[in-house]
Every structure is written in C-alpha cells, then in structure tokens.
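Structure, as structure tokens:
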Amino acid sequence: MRTHVMAALMIAGLAVATVGCTSYYRVTDPASGKTYYTTKIDDTRGGAVKIKDDKSGSTVTLHSSEVKQISSDEYEAALKPPPPPVQK
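Residue numbers (the working numbering): 51 to 138.
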C-alpha cells in the first residue's frame, strides 16, 4: 500500500513538472526577415534548425537563424490573428 502511494505521488509530481516547462521561441530568418514562433527546435546537420511554425502550421528548415526565448505572453500575442480593418 505504501509503495503504491509513493509511486502515485512521484507520477503526480512528474506530471506537474512537465506541464509547467514549456519554452517559447521566436525564430528569425536574417536573409528574409521572416519571423516564426515555436515551442520546439530541432538541430539538424550543418547547423540548420528545423521548426514547426505554430502561426502557420508549416514545417521550416533554416540554415541561418536567430533564436530567442520569449515569454508565454509574447508567444500568445504573436499567434493571435490581427484585428479586422476598421471600415469608414
């Protein structure tokens, strides 16, 4: 009984730790100036990075990039669609 309780507490602790550990990134392609937002960056051969752009859903491989870790607020704001234009 005691080992079951300890195992359950360990699993619960791992679940809580995993949920709060997401990192957010802004990745910029210096050649085009295009900006991408992602939570996962995969390094490939030759120094390139492969990401899934969370704004467009596209998978992108960049041979030259600038990667910056950003806050969750900045990440969420970047993914929001722009407001509709004001009609006059």
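From the three backbone atoms N, C-alpha and C, an ideal C-beta is built for every residue, glycine too.
Cα-Cα separation between residue i and residue j, rounded to whole angstroms
i, j, result
"glutamine 137", "lysine 130", "21 Å"
"tyrosine 75", "tyrosine 86", "8 Å"
"cysteine 71", "lysine 90", "12 Å"
"alanine 127", "histidine 113", "27 Å"
"glycine 84", "arginine 95", "Here residue 84 is lysine; the residue named in the question, glycine, does not match the sequence. So the two alpha carbons sit approximately 22 Å from each other."
"alanine 98", "serine 121", "24 Å"
"aspartate 104", "proline 134", "21 Å"
"aspartate 93", "valine 77", "13 Å"
"threonine 109", "tyrosine 125", "18 Å"
"threonine 68", "proline 132", "Because the pLDDT at threonine 68 is just 46, under 50, the model does not fix this residue reliably, and the value given afterwards should be weighed accordingly. Distance between the alpha carbons of threonine 68 and proline 132: 31 Å."
Expected contact under 8 Å - CB spacing of residue i and residue j to nearest Å
i, j, result
"aspartate 79", "serine 115", "6 Å"
"glutamine 119", "serine 82", "Actually they are not in contact, since the Cβ atoms of glutamine 119 and serine 82 sit about 21 Å apart, beyond 8 Å."
"threonine 111", "lysine 102", "At roughly 11 Å, the Cβ-Cβ gap does not stay under 8 Å, so threonine 111 and lysine 102 are not in contact."
Among the options, nearest to residue i - alpha-carbon criterion
i, options, result
"threonine 88", "Val117, Gly96, Ala81", "Val117"
Identity of the residues DSSP links to residue i by a beta bridge
i, result
"arginine 76", "Tyr87, Lys118"
"aspartate 103", "For aspartate 103, which the question treats as bridged, DSSP gives no partner whatsoever."
Contact test: residue i Cβ vs the ligand NAP heavy atom, cutoff 7 Å
i, result
"arginine 95", "With respect to the ligand NAP, the structure offers nothing, as it holds no ligand at all."
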